[in-house]
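Protein chains in written order, with my numbering: chain A, 1 to 429; chain B, 430 to 858.
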C-alpha cells in the first residue's frame, strides 16, 4: 500500500490512488487565527480530493493553552489536576468548532467532536492520562455519512465521565490514536517544518530533509528535543503500526514518512545528528569506592524527581572514585543543593557543577550492523579539539556531552563526517 | 421557611438559621478576571457559613462570549448552530474550572461540572435548547461529600450527547433549574445591581429597591428590557416554585426576593415603572376598511419574523382607517420597506415612520383590584404635555408609546405620581 513513491499529486503523497483513509493533525501554529483555520480548511479540501476519507485532529489556537495555564497559575502554584484538565480541554474545543464551521461554510460536511464524544476512554491520571480505548463507531458513522469528523485533540474521558488530558503535545497522540482506531492509511502531522531533517537547519544550513526515517530513529530524535513530534505519539504509532507522515502545514511537499520497515543495506549508517542544548553536569570528586556511596549521592536526586541522564564513574584510585552525571539544565540549582548536602553527609570531596553543557547524538538504525561509528565520531570531535566529557550509547545512538560553546562546531563537523549534507549520499532532493 | 425578615447575618438573608440549600449564580461581570473570581470565592465562602449547602452556576468570563461570537462571525454570517453551541459552551467551562480551582486553593472542596456531567438534558434545538430534565444524583453525591458543585451555566446535552445551549443569559436558567433539581431554599442571582428597583435609578435618582416583587411583575419588567434577569429563567422559576433573590455580587445586602405570594391589601398598587428605549412606530393612513386589508399589511411583517408589539386602528372614516403599530427599533428599516411595498400593492395612502419612540409601563399586581391606575397614568402624562401615541394593557401592566424625548420626564412623573420614591409608601430602606 505505502511505498517510497514521490508526491504525484496534491493530497496523494505516497498513497495509492484508490480511496484512502487519512488522519490530518493541525498543531497550534497552523490554527492560530481564523485566517490560519481558513488555510487549514484549504488543505483539508485538497487532501480529500479523489474521495479520500478524512478525520481531523486539532490543537488549541496559538498560545491559548499558555494563556489558560497562566490564568491557573495566578490562582494556584499547584492547581488541582482535574480542574486543569477541565480548563485546558476548552482550548481544543474552540478550534474544533471553528474549523468545523469553516468547512461547513464551504459546503464540506463536517462535525466537531470532543474527547468524550468520540470517545477517547482513558485512565484517571489527570494531566497525563493514558488512552485505554478509542471508539470507532461514531467516527465510522460520520465518515459513512460523508462528514469530516474534526476531533478536539489532547483530551479524553475516564470511566466516571471526567475530562482528562494527555499532556503537552497530546494532540499528536490524539491523531495517531484516531488513525489506529479507523485503520487509517496514514496519519499526517501538519506542522511548521516540512519534514524531519538530518539535523537542525538553523545550525547546519546543509541539513537535508529525510524522505523516511524509522520509528526507532524518530524516538531517539524526539527524546533529544527534536520538537517535531511528541514522543508518546511516536510510541503509540509504533505499537499500533500507524504510518506517520510529517509535512508542512501548507500540505505541500512529500514531508517525511516514519516507517516500521528496516532499512535495506544501501541505507545510510547514520540518519541524523540530534542535539539538546539544555544540559548540565555535576561531578563529585573523592567518593569512597564502597557499595552504596554512589546511591547515597544519586538517591536524593531521583527522590526529588530530577531525571539523571548519563552517569560516569572513573576507575578507583587510592580507594576513591569521581562520580559525574548529567541532568536537565532547569534542575541544575536544585540538584547542586541536594548533592552538596548529600556529599557533606558522606564527608566526601568537592562538588563541581557546570550548567553550560550540551548533548550531541549520532542516530541511525544502520549503526547496528556497522562498527566504527563511535570511532569516526570521536576522531571527528578530537580533530576539532572538542573534549568529550561523557558518553552514553544505545543500539542506534551514540551521545556525547560537550561544552556548550562546541555545539555548532560539533554538530556541523559530525554532519559532514557522516555524509549527511544535501549533496551527499542521501536519496532525497 | 422564607419570610420578609431583614438580613440578620451575612449569608443568611431571609433564610432560617437551620442549614439551607442555596444556588448562587455569578454572571459574566462578576467573574470577568481572576481577581473577580477570587472575590466570588469570598462570597461563596461567606454564604456557606452556618453549614449551608451551596451549588454554584457561572457564566463565561466578561466578554468571552462576545469574543467567541466575533470569531464565528469572521467565518460565517450564519454559522452552523451545532458548532456555535460547541464553541460558546467552552466559555462557561473555563470559568467553572477556574472558580473550582480557586475554592480548592482555599481548602474549600469543590468540583466543576459541565452540562453533560450534571446532566442538563435538553431537546436538540441548538442555540435555544429547552431543558427536559436536570439530574440530581451527581449533585446530591457531591453535596453529600461536602463539595461545592460549580456548574458551567448556559449549557446542556441532548439525547445524542450533543452539546446544546440555552441562549443569551442562559446561565440564569441554569441556576434556577439547579435550584429546582436540588429543591433549594433560594436561588441567588449575584449581579452588578443590588436588587430590583421601582425604576432605573439612572433615570430617577429617587428610585427605591424593592424588598420583594412577584413573579408576574418580574416577568413584565424582564420583558420590558430590565436586564436584571433573563425572562426564561423567571418563567422556569415560576413553573417550579423556585424563590429567586437578586443581590449584589458582593453578597452584601438583602437584595430583592422574587416571590409567588400574592401581595396583601396593604401592598402598593403599582410596584414599578419599566421602560424600553428601543421602540419604533409605523402608521399607514387611508387603509380600506375591509376584511384582510390590515392582514395584508401586517402579514409580510410577521413573515419576516419581525415582532409587532402594539397595534392601533382608529374608527373608520369615509370607508378608511389609519393603522399604527410598534416594533423594535432594530427592525425599523426592514419593516418600513416591507410595509411600503405592501401598501403600494394595496394602493393605499401614506406610510409614516418614527424610529424615535419609547415605551413606558406601569407594573403592579395590585392594579388588578384597583381601578383608576390608567386614569392616573394618563392624567399625569397629560399634565406634563406628553402625547400618548399608543396604549396596550395586561392584567398587571399598562404600557404607552411616547416620543423618545419624553422618556425621562414621563418615567419621573409617573414614579412620583404612584408614590414610588424613596421616602414614599414603600416598606424598604
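Think of the CB as a built atom: it goes at the ideal place given N, C-alpha and C, for glycine as much as any other residue.
Am I right that residue i and residue j are in contact with their C-beta atoms under 8 Å? What's the rounded C-beta distance?
| i | j | result |
| --- | --- | --- |
| residue 32(A) | residue 174(A) | Contact flag wrong, Cβ pair sits at about 18 Å. |
| residue 188(A) | residue 256(A) | At roughly 11 Å, the Cβ-Cβ gap does not stay under 8 Å, so residue 188(A) and residue 256(A) are not in contact. |
| residue 348(A) | residue 284(A) | 6 Å |
| residue 750(B) | residue 743(B) | 6 Å |
| residue 825(B) | residue 792(B) | 6 Å |
| residue 827(B) | residue 798(B) | In fact, because the Cβ distance is near 15 Å, the residues do not count as touching under 8 Å. |
| residue 365(A) | residue 217(A) | 6 Å |
| residue 785(B) | residue 833(B) | 4 Å |
| residue 625(B) | residue 579(B) | Not quite, the Cβ-Cβ distance comes to about 26 Å (not below 8 Å), so this is no contact. |
Given this structure, state the Cα-to-Cα distance separating residue i from residue j, to the nearest angstrom.
| i | j | result |
| --- | --- | --- |
| residue 330(A) | residue 261(A) | 37 Å |
| residue 662(B) | residue 482(B) | 22 Å |
| residue 245(A) | residue 180(A) | 14 Å |
| residue 167(A) | residue 236(A) | 14 Å |
| residue 30(A) | residue 250(A) | 9 Å |
| residue 839(B) | residue 493(B) | 37 Å |
| residue 325(A) | residue 61(A) | 39 Å |
| residue 548(B) | residue 562(B) | 8 Å |
| residue 544(B) | residue 305(A) | 38 Å |
| residue 1(A) | residue 145(A) | With a pLDDT of 36 at residue 1(A), under the threshold of 50, the predicted position of this residue should be treated as unreliable, and no value is reported. |
| residue 553(B) | residue 560(B) | 10 Å |
| residue 600(B) | residue 273(A) | 55 Å |
| residue 254(A) | residue 221(A) | 20 Å |
| residue 412(A) | residue 204(A) | 6 Å |
| residue 77(A) | residue 469(B) | 20 Å |
| residue 780(B) | residue 739(B) | 17 Å |
| residue 473(B) | residue 614(B) | 16 Å |
| residue 140(A) | residue 109(A) | 14 Å |
| residue 732(B) | residue 722(B) | 16 Å |
| residue 37(A) | residue 287(A) | 58 Å |
| residue 275(A) | residue 191(A) | 20 Å |
| residue 773(B) | residue 761(B) | 18 Å |
| residue 8(A) | residue 46(A) | Only weak support is given to the placement of residue 8(A): the predicted model assigns it a pLDDT of 39, under 50, and the value that follows is read from those uncertain coordinates. Near 13 Å, if we compare the C-alpha coordinates of residue 46(A) and residue 8(A). |
| residue 648(B) | residue 796(B) | 16 Å |
| residue 206(A) | residue 416(A) | 9 Å |
| residue 606(B) | residue 660(B) | 14 Å |
| residue 75(A) | residue 534(B) | 8 Å |
| residue 328(A) | residue 23(A) | 34 Å |
| residue 385(A) | residue 336(A) | 29 Å |
If the cut is a Cβ gap below 7 Å, which residues of chain B does residue i touch?
| i | result |
| --- | --- |
| residue 143(A) | Neighbours of residue 143(A) on chain B: none; closest Cβ ~17 Å, over 7 Å. |
| residue 79(A) | 530 |
| residue 430(A) | No statement about residue 430(A) is possible, as the shown extent of chain A runs from 1 to 429 and does not include it. |
| residue 271(A) | Going along chain B, no residue has its Cβ under 7 Å from residue 271(A), so there is no contact; the nearest lies around 42 Å. |
Starting from residue i, find everything on chain A with Cβ-Cβ shorter than 7 Å and list it in chain order.
| i | result |
| --- | --- |
| residue 522(B) | 86 and 90 |
| residue 546(B) | 161 |
| residue 541(B) | 83 and 86 |
| residue 392(B) | With chain B represented from 430 up to 858, any question about residue 392(B) goes unanswered, as that position is not in the structure. |
| residue 534(B) | 75 and 76 |
Please list, in chain order, the chain A residues whose beta carbon lies closer than 8 Å to that of residue i.
| i | result |
| --- | --- |
| residue 568(B) | Chain A residues near residue 568(B): none, gap ~14 Å exceeds 8 Å. |
| residue 710(B) | By Cβ distance, chain A contributes nothing, its closest Cβ being about 38 Å from residue 710(B), past 8 Å. |
Report the neighbours of residue i on chain A: residues whose CB is nearer than 9 Å to its CB, in chain order.
| i | result |
| --- | --- |
| residue 646(B) | Ordered by position in chain A, no residue passes the 9 Å Cβ test against residue 646(B), which lies about 38 Å from the chain. |
Continuous alpha helix (DSSP H) assignments of at least 4 residues falling wholly in the segment 730-790 of chain B:
For the segment 730-790 of chain B, the full-length alpha helix (DSSP H) segments reaching 4 residues or more read 761-775 along the chain.
Does the segment 581-596 of chain B come within contact of the segment 623-635 of chain B, defined as at least 3 CB pairs closer than 8 Å? no
Fully enclosed by the segment 361-412 of chain A, which alpha helix (DSSP H) runs are 4 residues long or longer? 373-383
| said: Suppose only complete runs of 4+ residues qualify. What are the alpha helix (DSSP H) ranges in the segment 60-88 of chain A, listed by chain order? | reply: If we require 4 residues or more, the alpha helix (DSSP H) runs fully inside the segment 60-88 of chain A come out as 64-75.
Let me know the alpha helix (DSSP H) ranges lying completely inside the segment 115-161 of chain A, each 4 residues or longer, listed in chain order. At a cut-off of 4 residues, the continuous stretches assigned as alpha helix (DSSP H) that sit fully inside the segment 115-161 of chain A are 137-144.
| Cβ contact (3+ pairs, closer than 8 Å) linking the segment 88-98 of chain A and the segment 486-505 of chain B | yes
Quiz item: Which ranges does the beta strand (DSSP E) cover as unbroken runs of at least 3 residues, wholly within the segment 251-275 of chain A, from first to last along the chain?
Solution: Runs of the beta strand (DSSP E) lying entirely within the segment 251-275 of chain A and spanning at least 3 residues, in chain order: 256-259.
- Task: Would you be able to state if there are at least three C-beta pairs under 8 Å between the segment 326-342 of chain A and the segment 366-380 of chain A?
- Result: no
Check whether the segment 144-163 of chain A and the segment 87-96 of chain A are in contact - that is, three or more C-beta pairs closer than 8 Å. With a cut-off of 8 Å, the segment 87-96 of chain A and the segment 144-163 of chain A count as touching, because enough Cβ pairs lie within range.
### Message
Going residue by residue through the segment 642-673 of chain B, where are the continuous alpha helix (DSSP H) segments of at least 4 residues, counting only ones entirely within it?
### Response
Restricted to the segment 642-673 of chain B, the alpha helix (DSSP H) segments that are unbroken, complete and at least 4 residues in length are 644-652 and 660-668, listed in chain order.
Item to complete: Enumerate, from N- to C-terminal direction, the unbroken beta strand (DSSP E) stretches of 3 or more residues contained entirely within the segment 179-208 of chain A.
Response: 186-191
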